[in-house]
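Residue numbers (the numbering used here): 1005 to 1201.
The C-beta atom is built at its ideal place from N, Cα and C for all residues, glycine as well.
Worksheet for the structure shown next.
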Amino acid sequence: VTGTGTVQAAPDLATLMIGVTTQAGTAAEALAANSASVEAVITRLTASGIEPRDMQTSNLSINPNWSGSDSSASGISGYVASNLLTVRIRKLDGLGAVLDASVADGANTLNGLSFGLAAPEPALNEARKAAVADARAKAELLVAAAGLKLGRIVTISENGAWTDPAPMFRESAAAVPVAGGELGLTANVTVQFEMTE
């Protein structure tokens, strides 16, 4: 039989993909302006309590900005510099304020926000226990319906465990409203039992 167990847990960690995109006439000017804005964003994030270990550059690029509609008449009209940071936020009650401050300091790209658990294993273990209990309950029902008794467990295998976000809305009047919600941690197991008369 296969059993499934799900445990709900409030997230205690957010991962934010935020960045700065700037345009200028030369690549050097675009990069300089971009670097100044990113430095301001990093300074503000640090002042907000984000540790350096929780900030990582995940994309840095400089590209020409092409003008003209056909290849024969096109030319470079300037350059676009982009710097994207992946930021882990461990204090979720300040997430909206961090977003507000980052945008005020020059962040103009938001590529995603996800929630998770800093230590998911305890919740996953509870889901695994619930999955085994579910498998046992199903096996007892099936064996009783067949007029038999449930014997000992022969094998147990885990078929996977995952986190399924289920957002619930929480609003803050002073900052960007953010839905932290709950995470559903699910485990699946297959258990093989012996049957006796």
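Quick one: what's got a C-beta closer than 6 Å to Ala1064's C-beta in the same chain, skipping five residues either side? Inspection of the sequence shows that residue 1064 is occupied by Leu rather than by Ala. These residues qualify, in order along the chain: Asn1087.
(Q) Suppose only complete runs of 4+ residues qualify. What are the alpha helix (DSSP H) ranges in the segment 1025-1061, listed by chain order? (A) Correct list: 1031-1051.
*For Arg1048, I'd like the list of residues in its chain whose CB is within less than 7 Å of its CB, leaving aside the five on either flank, ordered along the chain.*
Correct list, in chain order: Ala1105, Ser1106, Asp1109.
Checklist entry - Bridge partners of Val1005, per DSSP? => result Per DSSP, Val1005 has no beta-bridge partner at all.
Classify Gly1007 as buried or exposed, calling it buried when 16 or more other Cβ atoms lie within 10 Å of its own Cβ.
-> Taking all protein chains shown into account, Gly1007 has 16 or more neighbouring C-beta atoms within 10 Å of its C-beta and is therefore buried.
**Prompt:** Candidates Pro1124, Thr1200, Lys1153, Leu1089: which alpha carbon is nearest Asn1115's?
**Reply:** Minimum Cα distance to Asn1115 is reached at Leu1089.
Margin query: Let me check understanding here. Comparing Cα to Cα, which of Thr1194, Gly1184, Glu1198, Gln1196 lies closest to Ala1014?
Written below: Checking every option, the nearest Cα to that of Ala1014 belongs to Gly1184.
Self-check item: Lys1133 versus Thr1025 - alpha carbon distance
Solution: Their Cα atoms are separated by approximately 47 Å.
Exercise. Closest Cβ-Cβ distance between Arg1092 and chain B: below 9 Å?
Worked result: Here there is only one protein chain, and chain B is not present.
How is the beta strand (DSSP E) around Glu1198 delimited, first residue to last? Run containing Glu1198: 1186-1200, per the beta strand (DSSP E) assignment.
Note to self: Once the 5 residues before and after Val1011 are set aside, which same chain residues still bring their CB inside 7 Å of it?
What the structure shows: Answer for Val1011: Ala1127, Glu1130, Ala1131, Ala1134, Leu1189, listed in chain order.
Going by DSSP in three states, Met1021 sits in which element: helix, strand or coil? Strand, per DSSP.
| query | Cα separation between Leu1099 and Asp1016? | reply | Between Leu1099 and Asp1016, the C-alpha separation is close to 11 Å.
(Q) Quick check: Leu1121 and Leu1035, are their CB atoms within less than 9 Å of each other? (A) Taking C-beta atoms as the reference points, Leu1121 and Leu1035 fail to come closer than 9 Å.
Distance check for Arg1057 and Ala1203, CA to CA, integer angstroms please.
Nothing can be reported for residue 1203: it is not among the residues displayed for the chain, which extend from 1005 to 1201.
Rounded to a whole number of angstroms, what is the C-alpha to C-alpha distance between Arg1164 and Arg1092? The identity of residue 1164 in the sequence shown is Gly, whereas the question assumes Arg. The straight-line gap from Cα to Cα measures roughly 26 Å.
- Along the chain, where does the beta strand (DSSP E) that runs through Val1084 open and close? Unbroken beta strand (DSSP E) run through Val1084: 1079-1093.
* **Which of helix, strand or coil DSSP assigns to Leu1096** => Residue state for Leu1096 is assigned as helix, using DSSP reduced to three classes.
Quiz item: Considering only the beta carbon of each residue, do Thr1159 and Val1195 sit closer than 9 Å?
Solution: Taking a C-beta distance under 9 Å as the contact criterion, Thr1159 and Val1195 qualify as a contact pair.
Exercise. Expressed to the nearest angstrom, what Euclidean distance is found between the alpha-carbon atoms of Thr1030 and Glu1043?
Worked result: C-alpha separation (whole angstroms): 20 Å.
Quiz item: Any idea what DSSP makes of Leu1117, helix, strand or coil?
Solution: Correct three-state label for Leu1117: strand.
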